[in-house]
Amino acid sequence: LKELEHIMDCCRYYGQVVVPIFYHVDPSDVRNDMGAYRKAMQETAKRRSSGEERMRIVLSKWATALTEVGNLSGWVFNDVR
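With the UniProt record's numbering as the guide, the letters of the sequence shown map in order to residues 1 to 81.
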């Protein structure tokens, strides 16, 4: 998620083009922070952060990056054979 955060920073500040690939995931789940994403993000932030305030900051940055990438047009692969 830190890499995604950095990618979206480059998109915002330097105008770099980002084309997301959603593999076996619905872009709206990413965009709306739904389902397993919320729980996984909270658990990861808890393991990686040293305090409650730091955890909230990290979660906010990750949620922003996921929302931004979920709003981009990209490729969706659900059942590729």
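All residues carry an ideal CB built from backbone N, CA and C; glycine is no exception.
Within the continuous alpha helix (DSSP H) that includes V76, where are the two ends? Here V76 belongs to no alpha helix (DSSP H); instead the beta strand (DSSP E) covers W75 to F77.
In the DSSP output, which residue or residues are listed as bridge partners for Y23? F77
Over what stretch of residues does the alpha helix (DSSP H) that includes G70 continue unbroken? Segment E52 to G70, the alpha helix (DSSP H) holding G70.
Check whether the Cβ atoms of I7 and W75 sit closer than 9 Å, and answer yes or no. no
With DSSP as the reference, label D33 as helix, strand or coil. coil
Pull up the distance between the alpha-carbon of G15 and that of L4, whole angstroms please. 15 Å
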